[in-house]
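Novice: Structure below; questions to follow.
Residue numbers (our numbering): 192 to 479.
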């Protein structure tokens with residue numbers, strides 16, 4: 192059994208317009224300037240994250256307002272409706288700092304999801320000119336048993352002057368020795384098998400989501416010209432172009448859990464990038 196294509200993750204035009212120049216603009220402005228926050232587009236829903244935890248979900252109501260919701264352990268009120276920019280600005284000023292502090296105190300669920308958010312921020316919002324752009328966290332489901340941590344696109348910095356198509360990227364983040372590192376080859380293999388059946392539809396949705404993120408200023412690490420250009424580029428729907436990224440965060444080089452031979456034996460091994468990231472200082476990782 193293969194995975195089903197997810198419902199389209201896109202905001203309708205009225206929602207997008209209200210973020211850009213309507214009652215939600217103060218919140219979008221906050222997201223763009225607050226280094227602790229990232230936003231992910233869902234099906235006519237915007238999820239805003241802090242330290243990997245959902246800070247606020249924003250959804251339109253039938254009455255023309257917007258409902259802001261959060262988990263009760265972070266915000267005892269759980270939800271409020273707003274219909275004008277003044278009340279949204281007050282929420283940003285008075286409530287968001289409180290929710291962020293509660294997340295810092297009560298949101299610990301392991302560091303992996305926090306590093307996922309840092310990875311998104313580094314590649315989307317910092318001017319590093321990296322080769323990968325994150326489009327969505329928790330992108331596709333793996334037969335109901337899990338999800339890719341991040342889906343994105345491969346756009347090499349040295350080829351941005353060309354009109355080449357973007358390549359889809361499935362990004363798996365592993366922290367320390369947790370998260371099933373020993374099974375990562377099987378996991379990536381299943382993702383590729385699932386992609387073979389849904390790739391054209393999946394790519395069509397990913398393209399729309401990427402372009403909307405650019406319009407909303409959520410890819411501010413790109414130059415202004417690149418932000419405009421990426422809205423015109425298409426994404427390849429060839430399985431031969433799909434990239435798999437394994438981001439190992441603070442993986443102890445003395446450990447033997449990662450089976451590199453099994454990864455190299457995959458038929459698409461040439462489409463895999465394996466990164467060792469993090470802050471752990473193991474001398475074995477020194478390149479000097």
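We treat Cβ as the ideally placed atom computed from N, Cα and C, and that holds for glycine.
Just so we're clear, the structure is a prediction, and the values are computed from it rather than from any experiment.
In chain order, which beta strand (DSSP E) runs of at least 3 residues are fully inside the segment 242-321?
Specialist: Correct list: 244-251, 257-260 and 270-273.
Novice: Taking the alpha-carbon positions, what's the residue 279 to residue 209 distance?
Specialist: Using only the alpha carbons, I get a separation of about 12 Å.
Novice: Restricting to Cα atoms, I'd like to know which of 319, 307 and 346 is closest to residue 327.
Specialist: The option with the nearest alpha carbon to residue 327 is 307.
Novice: Near residue 483, which residues of its chain fall below 7 Å by C-beta distance, leaving aside the five closest residues on each side in sequence?
Specialist: As displayed, the chain neither begins before 192 nor continues past 479, which places residue 483 out of reach and without an answer.
Novice: Should residue 346 go down as buried or exposed, given a rule of 16 or more other Cβ atoms within 10 Å for buried?
Specialist: By the 10 Å Cβ count, residue 346 comes out buried.
Novice: Starting from the Cα of residue 456, find the closest Cα among 468, 448, 376 and 394 and give me that residue.
Specialist: Nearest C-alpha to residue 456: 376.
Novice: Using the C-alpha atoms, what's the distance from residue 242 back to residue 295?
Specialist: Cα-Cα distance, rounded: 8 Å.
Novice: Note down the Cα distance separating residue 222 from residue 437, rounded to an integer number of angstroms.
Specialist: Approximately 27 Å between the Cα atoms of the pair.
Novice: Grouping DSSP H, G and I as helix and E and B as strand, with all else coil, what is residue 369?
Specialist: The answer is coil: DSSP assigns residue 369 none of H, G, I, E or B.
Novice: By DSSP, does residue 361 sit in helix, in strand, or in coil?
Specialist: It is a strand residue.
Novice: Near residue 319, which residues of its chain fall below 7 Å by C-beta distance, leaving aside the five closest residues on each side in sequence?
Specialist: Hits under 7 Å: 313 and 412.
Novice: Leaving aside the five residues before and after residue 273 along the sequence, list all residues of the same chain whose C-beta is less than 7 Å from its C-beta, in chain order.
Specialist: Closer than 7 Å at Cβ, skipping near neighbours: 214, 256, 257, 259, 279 and 282.
Novice: Once DSSP output is grouped into helix, strand and coil, what is the label at residue 442?
Specialist: Correct three-state label for residue 442: coil.
Novice: Would you report the Cα separation of residue 395 and residue 450, rounded to the nearest angstrom?
Specialist: C-alpha separation (whole angstroms): 34 Å.
Novice: Between residue 342 and residue 228, what straight-line distance do the alpha-carbon atoms span, to the nearest angstrom?
Specialist: So the alpha carbons of these two residues sit roughly 18 Å apart.
Novice: Quick one: Cα of residue 392 to Cα of residue 244, how far?
Specialist: Spanning the two alpha carbons is a distance of roughly 29 Å.
Novice: Could you spell out where the alpha helix (DSSP H) holding residue 393 opens and where it closes?
Specialist: Run containing residue 393: 375-406, per the alpha helix (DSSP H) assignment.
Novice: How is residue 350 classed by DSSP in three states: helix, strand or coil?
Specialist: It is helical.
Novice: By the three-class DSSP mapping on this structure, what secondary structure does residue 476 have?
Specialist: Residue state, collapsed to three classes: helix.
Novice: Near residue 471, what residues of its chain come up, given a Cβ to Cβ distance below 6 Å and the 5 sequence neighbours on each side ignored?
Specialist: Contacts found: 441.
Novice: With residue 339 and residue 363 assumed to form a contact (beta carbons below 8 Å), what rounded beta-carbon distance in angstroms separates them?
Specialist: Their Cβ separation, rounded to whole angstroms, is 6 Å, which keeps residue 339 and residue 363 in contact under 8 Å.
Novice: The alpha helix (DSSP H) with residue 459 in it runs from where to where?
Specialist: First-last for residue 459: undefined, no H or E at that position.
Novice: Does the beta-carbon of residue 268 have 16 or more other beta-carbons within 10 angstroms, so that it is buried, or is it exposed?
Specialist: The residue in question, residue 268, is exposed, as its Cβ has fewer than 16 Cβ neighbours within 10 Å.
Novice: DSSP state of residue 447, grouped into three classes?
Specialist: Three-state DSSP puts residue 447 in coil, outside helix and strand.
Novice: Specify, as a first and last residue, the run of the alpha helix (DSSP H) that residue 211 falls within.
Specialist: Where residue 211 is concerned, the enclosing alpha helix (DSSP H) stretches over 204-212.
Novice: Do you know offhand how far residue 404's Cα is from residue 381's?
Specialist: Cα-Cα distance, rounded: 28 Å.
Novice: Could you check if residue 315 is buried or exposed, using at least 16 other CB atoms within 10 Å of its CB as the buried criterion?
Specialist: Buried.
Novice: Distance, Cα to Cα, residue 434 vs residue 385?
Specialist: Taking the straight line joining both Cα atoms gives about 14 Å.
Novice: Kindly indicate the opening and closing residues of the alpha helix (DSSP H) around residue 231.
Specialist: Premise fails: residue 231 lies in the beta strand (DSSP E), 228-233, not in any alpha helix (DSSP H).
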